[in-house]
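Beneath this line is the structure, given in structure tokens, with notes to follow.
2 protein chains.
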Amino acid sequence: MQQEPPDAPRRRATRNSLSPAVIVTAALAVLDEEGIEAFTMRALATRLEVRPMAVYTYFRSKDELFDAVRDALLGLSLSPVEGSWQDQVRAIARRVREQILQHPFLITLLLTRPLSGRETADSAEAILRVLSDAGFNRETAARAYITLLTHVLGAASWEIQMTAVYQDPDRRSQLDTLPSSRYPTLTALAPELNLTNGGSAQFEFGLDLVLEGLSHKLRADRA
Amino acid sequence: MQQEPPDAPRRRATRNSLSPAVIVTAALAVLDEEGIEAFTMRALATRLEVRPMAVYTYFRSKDELFDAVRDALLGLSLSPVEGSWQDQVRAIARRVREQILQHPFLITLLLTRPLSGRETADSAEAILRVLSDAGFNRETAARAYITLLTHVLGAASWEIQMTAVYQDPDRRSQLDTLPSSRYPTLTALAPELNLTNGGSAQFEFGLDLVLEGLSHKLRADRA
DNA sequence: ACCTGAACACCGTTCAAGT
DNA sequence: ACCTGAACACCGTTCAAGT
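Line by line, the protein sequences give chains E and B. Remember, the working numbering sits 352 above the position in the first sequence when you count from 1. Remember, the working numbering sits 352 above the position in the second sequence when you count from 1.
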């Protein structure tokens with residue numbers, strides 16, 4: 353609503369105050385604080401205290417800027433973990449989930465903008481190495497990695513959405529208002545379904561399922 | 353680019369030609385043919401041969417219309433399936449995936465607009481009933497359903513994105529251009545990773561993993 | 001009630017101009 | 001080179017008016 357503080361000093365931009373890094377940092381701040389739907393080139397320019405077109409010296413378009421923000425967030429430093437291959441995969445998956453939950457708009461960037469494969473290269477390399485070392489064959493390792501990735505993305509995006517819905521008291525737990533004649537099981541399990549919202553228990557549950565399935569596959573690969 | 357055929361008859365809208373159903377159908381057609389990013393209220397009005405504001409008699413906003421389109425697409429008629437609980441879950445999961453692939457913009461609506469739980473009630477009831485009948489306890493059944501749902505959403509949205517990327521020859525298979533010194537495993541497995549794009553094999557692989565994990569959980573629940 | 005016309009308050013971005 | 005000013009071609013939507 354409020355566009356500018358009424359008596360802002362409105363100083364002219366100092367020369368060379370901008371750079372790709374400065375712009376990405378400011379964009380990240382706007383995205384974190386206002387959300388992706390409130391992000392506009394004009395809002396970003398206001399935060400940078402420049403006119404909107406100044407950003408276009410460094411990025412050709414809003415989409416290109418979004419790609420840069422996404423790539424900055426995906427450059428995860430994955431510290432090596434001790435333990436079984438399951439433990440190592442779990443650690444990486446948790447790290448990716450945490451990064452997404454910390455910057456919820458990231459899921460939108462991941463599912464909206466085309467990916468070349470370079471952006472997720474760090475976590476891909478880490479997981480694929482763990483799987484290869486564990487003894488998975490080449491195709492199984494590749495498919496397992498994609499499964500883990502899509503699983504984490506799906507779980508995280510659901511989690512973000514449900515916490516957003518959960519904030520809104522009107523929408524909270526609308527399940528029990530469904531007709532139990534048509535949806536007997538669903539209405540009966542409404543309390544348990546609401547339990548799946550919030551916290552990491554649901555994420556761990558799903559991850560365990562996939563890992564258990566992978567253990568089974570590994571035995572097959574080795575046989 | 354071309355906004356209107358130059359000599360279109362431009363007949364006045366016949367009285368009462370509109371209705372929520374007619375509008376949703378037209379919106380669906382625009383979304384299917386032009387994609388969600390090209391969907392505007394003005395484009396929809398053009399297809400309906402009315403002025404943009406006519407739609408607002410039936411829907412308060414573009415978002416409300418989007419919700420109606422989403423709900424129309426999620427009203428799946430799930431024919432009952434014979435077989436094991438795994439076969440039944442598989443059939444429902446495949447049906448949901450197919451519906452999303454048929455209308456790729458649906459994934460955006462699902463992950464963008466808040467869900468109350470009513471929209472997915474049909475598939476939720478179906479899966480939860482199968483799981484309950486199979487002997488899962490209440491909490492496991494609830495968590496398993498959410499896992500299956502998020503898994504399908506994640507897999508489908510990845511699939512859509514990868515096929516879109518795959519269309520673009522510039523982006524195709526950029527994995528082998530990565531430095532193999534830093535990403536030895538990733539570059540070595542590039543062919544196998546490219547195999548995961550397209551077709552349903554990757555989807556089935558992931559689904560099998562989850563189902564295998566669930567079989568394991570079921571034995572624990574029963575013990 | 002249903003639909004239109006004109007307008008408002010936004011967008012991203014082009015283009016020419018300033019330093 | 002870096003940044004600005006003005007403008008263009010869009011948006012969704014409000015509001016008053018027509019039938």
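We put the beta carbon where it would ideally sit given N, CA and C, even for glycine.
DSSP state of residue i mapped onto helix, strand, coil
i         : result
Glu356(E) : At Glu356(E) the pLDDT is 36, less than 50, meaning the model places this residue with poor confidence; the figure from the coordinates comes in the next sentence. Three-state DSSP puts Glu356(E) in coil, outside helix and strand.
Leu505(B) : helix
His568(B) : helix
Pro466(E) : coil
Gly487(E) : coil
Ala575(B) : coil
Arg362(B) : Here Arg362(B) scores only 36 on pLDDT, less than 50, and its place in the model should not be relied on; the value that follows carries that caveat. Coil, per DSSP.
Asp384(B) : helix
Phe391(B) : coil
Leu559(B) : helix
Asp474(B) : helix
Pro372(E) : helix
Leu530(B) : coil
Pro543(E) : helix
Beta carbon of residue i nearer than 7 Å to that of residue j
i         : j         : result
Thr537(E) : Leu530(E) : no
His503(E) : Gly506(B) : yes
Glu564(E) : Gly565(B) : yes
Leu430(E) : Ala478(E) : yes
Ala397(E) : Pro404(E) : yes
Trp437(B) : Ala486(B) : yes
Leu400(B) : Ala378(B) : yes
Gly550(E) : Gln526(B) : no
Leu541(E) : Arg490(B) : yes
Arg412(E) : Ala508(E) : no
Ala420(E) : Val374(E) : no
Start and end residues, alpha helix (DSSP H) containing residue i
i         : result
Thr548(E) : No alpha helix (DSSP H) contains Thr548(E), which DSSP labels as neither H nor E.
Val402(E) : Note, Val402(E): premise wrong, no alpha helix (DSSP H); not H, not E.
Pro536(B) : 536 to 540
Integer Cβ distance of residue i from residue j, believed to fall under 8 Å
i         : j         : result
Arg495(B) : Thr548(E) : 6 Å
Thr513(B) : Pro432(E) : The question names Thr, but residue 513(B) in the sequence shown is Gln. The pair is not a contact, with the Cβ atoms about 30 Å apart (cut-off 8 Å).
Ala473(E) : Ser484(E) : Wrong, their Cβ atoms sit about 16 Å apart, outside the cutoff.
Leu463(B) : Leu463(E) : 6 Å
Arg422(E) : Leu461(E) : 4 Å
Val482(B) : Gln440(B) : 5 Å
Leu561(B) : Val562(E) : 5 Å
Tyr410(B) : Leu458(B) : The Cβ separation is near 21 Å, so there is no contact.
Gln451(E) : Leu480(E) : Contact doesn't hold; Cβ gap of about 19 Å is too wide.
Phe488(E) : Asp415(E) : Rounded, the Cβ-Cβ distance is 36 Å, inconsistent with contact.
Met393(B) : Val382(B) : Incorrect: roughly 10 Å between the Cβ atoms, too far for contact.
My parser needs the alpha helix (DSSP H) runs of 4 or more residues fully inside the segment 406 to 442 of chain B; what are they? Runs found: 414 to 426.
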